[in-house]
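Trainee: First, the structure itself, so that you have it in front of you.
Number of protein chains: 2
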Amino acid sequence: MGKTFLFLDTITNKVDSKGRVSLPADYREIVKELSTNIVCYRSLSAPCIEGCTEELLAKLASEMESSLDFFSQTQDDLTNLIFGDARKFTFDSTGRIVLSEKLLAHAQITDSAVFVGKGRKFQIWSPENWAKEEKRIRAEIAKKRPSLTFSREGN
Amino acid sequence: MGKTFLFLDTITNKVDSKGRVSLPADYREIVKELSTNIVCYRSLSAPCIEGCTEELLAKLASEMESSLDFFSQTQDDLTNLIFGDARKFTFDSTGRIVLSEKLLAHAQITDSAVFVGKGRKFQIWSPENWAKEEKRIRAEIAKKRPSLTFSREGN
DNA sequence: TTGATTACCATAAAATCCCATGCTATACCA
DNA sequence: TGGTATAGCATGGGATTTTATGGTAATCAA
Numbered sequence: 027m028g029k030t031f032l033f034l035d036t037i038t039n040k041v042d043s044k045g046r047v048s049l050p051a052d053y054r055e056i057v058k059e060l061s062t063n064i065v066c067y068r069s070l071s072a073p074c075i076e077g078c079t080e081e082l083l084a085k086l087a088s089e090m091e092s093s094l095d096f097f098s099q100t101q102d103d104l105t106n107l108i109f110g111d112a113r114k115f116t117f118d119s120t121g122r123i124v125l126s127e128k129l130l131a132h133a134q135i136t137d138s139a140v141f142v143g144k145g146r147k148f149q150i151w152s153p154e155n156w157a158k159e160e161k162r163i164r165a166e167i168a169k170k171r172p173s174l175t176f177s178r179e180g181n
Numbered sequence: 027m028g029k030t031f032l033f034l035d036t037i038t039n040k041v042d043s044k045g046r047v048s049l050p051a052d053y054r055e056i057v058k059e060l061s062t063n064i065v066c067y068r069s070l071s072a073p074c075i076e077g078c079t080e081e082l083l084a085k086l087a088s089e090m091e092s093s094l095d096f097f098s099q100t101q102d103d104l105t106n107l108i109f110g111d112a113r114k115f116t117f118d119s120t121g122r123i124v125l126s127e128k129l130l131a132h133a134q135i136t137d138s139a140v141f142v143g144k145g146r147k148f149q150i151w152s153p154e155n156w157a158k159e160e161k162r163i164r165a166e167i168a169k170k171r172p173s174l175t176f177s178r179e180g181n
């Protein structure tokens, strides 16, 4: 059934005055392969845009579809937040999507966007925020698992 | 197999003196794709209009038929309310539906309508009420999952 | 016939598509 | 191995299509 796919790598592309960005070629490949679409929304936990396949969101929707959930208040709140914010993004023949003003503002992106693969999902950051975030993550990891650090050349 | 479809995004359109509103293009696409209809009714829990595909209501109806659980009586009452209130809305060649006085009044909509995607369903709010509601939801979610909140400075 | 509802036309703005160009990484050949 | 051809990708700009929305005509019911 579900084909395996992973959003990987970290790629920086330019955002032009119309808000257009090239979706990394590998991501486009996934979309075509699964004949699905890309869906993006403001991350709830960080100043970045989050993206995934429409498929993944649809699965979420199906789980909330049963009659037991039809009238649930909490479900209602959650779905409003997620689906109300998310939007489908189709790319043109040259592989670009147009990010909305709302998303760009949330991620503080102006003229460059960093795509960061996260497996089933991916994130889009401004170069500045991503630099900070990456540093934070590495520091966090180093703190939690000092045994993993073996060379200092990276930092 | 049910095709995947999702009502997404938050879109504000004008309501003219006749009660006409453009159904967002993406929503129209879904209706055409599934060759179904849009059904709207007064929300039972909020001052807004709720909408979904005719298909979904049909599914809800069959689930109620076979549901024997403890709460079925209550749910039965709720579905009665919905089915009694719901009406089919077809859009014209320019993509507009005409909302009834009853629905507009319930949602306190005068000259602008905010469509909020909820996955299999969507809601229609007045801009004022939606602003309040969105604030309420975000506060609610933040309370329940404080780990999700972030500060703009980046900690 | 009159009031109300529904269908159709027109226009401006916005979103989308497509062509052309430059760049980069890989393949290929001497 | 080094230099060059090639294919794929990113990006700029302009043409085209869609969409929202105001207005008018046609249809229906009382």
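These protein sequence lines map, in sequence, to chains A and B.
Per this note's numbering, the first sequence starts with residue 27, numbered consecutively.
Per this note's numbering, the second sequence starts with residue 27, numbered consecutively.
Positions of the beta carbon are idealized from the N, C-alpha and C atoms, including for glycine.
Could you tell me whether the Cβ atoms of residue 82 of chain B and residue 146 of chain B are closer together than 8 Å?
Mentor: The sequence position of residue 82 of chain B within the second sequence is 56, counting from 1. The sequence position of residue 146 of chain B within the second sequence is 120, counting from 1. Taking 8 Å as the Cβ cut-off, residue 82 of chain B and residue 146 of chain B qualify as a contacting pair.
Trainee: Hey, how far is the Cα of residue 33 of chain B from the Cα of residue 137 of chain B?
Mentor: By one-based count along the second sequence, residue 33 of chain B stands at place 7. By one-based count along the second sequence, residue 137 of chain B stands at place 111. If you take the alpha carbons of residue 33 of chain B and residue 137 of chain B, they lie about 22 Å apart.
Trainee: Just mark residue 55 of chain B as buried or exposed, buried being the case when its beta carbon has 16 or more other beta carbons within 10 Å.
Mentor: The residue given as residue 55 of chain B occupies position 29 in the second sequence. Looking at its Cβ environment, which holds fewer than 16 other Cβ atoms inside 10 Å, residue 55 of chain B is exposed.
Trainee: Can you name, in chain order, every residue of its own chain whose Cβ lies under 7 Å from the Cβ of residue 78 of chain A, other than the five neighbours on each side?
Mentor: Residue numbering aside, residue 78 of chain A sits at position 52 when the first sequence is read from its first letter. Closer than 7 Å at the Cβ level, and outside the excluded window around residue 78 of chain A, lie 65, 146, 147.
Trainee: Between which residues of its own chain and residue 86 of chain B is the CB-CB distance below 7 Å, once the five residues before and five after are set aside?
Mentor: The residue labelled residue 86 of chain B in the question sits at position 60 within the second sequence. Taken in chain order, the residues that qualify are 105.
Trainee: For residue 71 of chain A, does the count of other Cβ atoms within 10 angstroms reach 16, so buried, or fall short, so exposed?
Mentor: The residue you call residue 71 of chain A lines up with position 45 of the first sequence. So residue 71 of chain A ends up on the exposed side.
Trainee: Between the alpha carbons of residue 164 of chain B and residue 101 of chain B, how many angstroms are there, rounded?
Mentor: For the purposes of this step, residue 164 of chain B is identified with residue 138 of the second sequence, where counting begins at 1. For the purposes of this step, residue 101 of chain B is identified with residue 75 of the second sequence, where counting begins at 1. Approximately 28 Å between the Cα atoms of the pair.
Trainee: Compare the beta carbon distance of residue 80 of chain B and residue 63 of chain B with 8 Å and say whether it is the shorter of the two.
Mentor: Walking along the second sequence from the start, residue 80 of chain B turns up at place 54. Walking along the second sequence from the start, residue 63 of chain B turns up at place 37. Yes, Cβ-Cβ distance for residue 80 of chain B and residue 63 of chain B is below 8 Å.
Trainee: Which residue or residues does DSSP assign as beta-bridge partners of residue 36 of chain B?
Mentor: Along the second sequence, read from residue 1 onward, the residue named residue 36 of chain B stands at position 10. Looking at the DSSP assignment, residue 36 of chain B forms a beta bridge with B:142.
Trainee: Closer than 9 Å, Cβ to any Cβ of chain A: which residues of the segment 35-63 of chain B, in chain order?
Mentor: So the close ones are 35, 36, 52.
Trainee: Going by DSSP, what residues sit across from residue 76 of chain B in a beta bridge?
Mentor: Position 50 of the second sequence, counting from 1, holds the residue named residue 76 of chain B. Looking at the DSSP assignment, residue 76 of chain B forms a beta bridge with B:67, B:149.
Trainee: Name, please, each residue of chain B whose Cβ falls closer than 9 Å to the Cβ of residue 99 of chain A.
Mentor: Residue 99 of chain A sits at position 73 when you count from the first residue of the first sequence. Correct list: 71.
Trainee: Please state the DSSP three-state secondary structure of residue 114 of chain B.
Mentor: Locating residue 114 of chain B in the second sequence gives position 88, where the first residue counts as 1. Correct three-state label for residue 114 of chain B: strand.
Trainee: Check for me: the beta strand (DSSP E) holding residue 47 of chain B runs from which residue to which?
Mentor: On the second sequence, residue 47 of chain B is found 21 positions in, with the first residue counted as 1. 46-48 is the span of the beta strand (DSSP E), which, as asked, contains residue 47 of chain B.
Trainee: What is the DSSP secondary structure of residue 164 of chain B, counted as helix, strand or coil?
Mentor: Counting from one through the second sequence, the residue named residue 164 of chain B turns up at place 138. It is helical.
Trainee: Buried or exposed, going by whether 16 or more other CB atoms sit within 10 Å of the CB of residue 167 of chain A?
Mentor: Translated into positions along the first sequence, residue 167 of chain A becomes position 141. Exposed, since its Cβ has fewer than 16 Cβ neighbours within 10 Å.
Trainee: Residue 54 of chain A lies in the beta strand (DSSP E); which residues open and close that run?
Mentor: Taking the first residue of the first sequence as 1, we reach residue 54 of chain A at position 28. From DSSP, residue 54 of chain A is part of no beta strand (DSSP E) but of the alpha helix (DSSP H) over 51-60.
Trainee: Which residue or residues does DSSP assign as beta-bridge partners of residue 122 of chain B?
Mentor: Residue numbering aside, residue 122 of chain B sits at position 96 when the second sequence is read from its first letter. The partner list for residue 122 of chain B (beta bridge, DSSP) reads B:48.
Trainee: Could you check if residue 174 of chain B is buried or exposed, using at least 16 other CB atoms within 10 Å of its CB as the buried criterion?
Mentor: Here residue 174 of chain B refers to the residue found at position 148 when the second sequence is read from its first residue. Per-residue confidence for residue 174 of chain B stands at a pLDDT of 46, beneath the threshold of 50, marking its modelled position as unreliable; no derived number is given.
Trainee: Given that residue 105 of chain A touches chain B, what residues does it touch there, using C-beta distances under 7 Å?
Mentor: As a working mapping, residue 105 of chain A is identified with position 79 in the first sequence. Under the 7 Å cutoff, chain B gives 144, 145.
Trainee: Within 10 Å of its beta-carbon, does residue 27 of chain B have 16 or more other beta-carbons around it, so buried, or fewer, so exposed?
Mentor: By one-based count along the second sequence, residue 27 of chain B stands at place 1. Confidence in residue 27 of chain B is poor, its pLDDT being 49 and thus under 50, which makes the residue's placement unreliable; the coordinate value appears in the next sentence. The residue in question, residue 27 of chain B, is exposed, as its Cβ has fewer than 16 Cβ neighbours within 10 Å.
Trainee: Assuming contact is defined by CB atoms lying nearer than 8 Å, are residue 141 of chain B and residue 37 of chain B in contact in what I supplied?
Mentor: Taking the second sequence and counting its residues from 1, one reaches residue 141 of chain B at position 115. Taking the second sequence and counting its residues from 1, one reaches residue 37 of chain B at position 11. In contact: residue 141 of chain B and residue 37 of chain B (Cβ atoms closer than 8 Å).
Trainee: What residues in the segment 111-137 of chain A have a beta carbon less than 8 Å from any beta carbon of chain B?
Mentor: Listed by position along the chain: 111, 112, 113, 114.
Trainee: Would you say residue 89 of chain B faces chain A, with C-beta separation under 8 Å as the test?
Mentor: As a first step, residue 89 of chain B must be located in the second sequence, where it is residue number 63. Yes, its Cβ sits closer than 8 Å to a Cβ of chain A.
Trainee: Would you call the CB atoms of residue 144 of chain B and residue 109 of chain A closer than 8 Å?
Mentor: What you label residue 144 of chain B is simply residue 118 of the second sequence in a count that begins at 1. What you label residue 109 of chain A is simply residue 83 of the first sequence in a count that begins at 1. A contact, by the Cβ cut-off of 8 Å.
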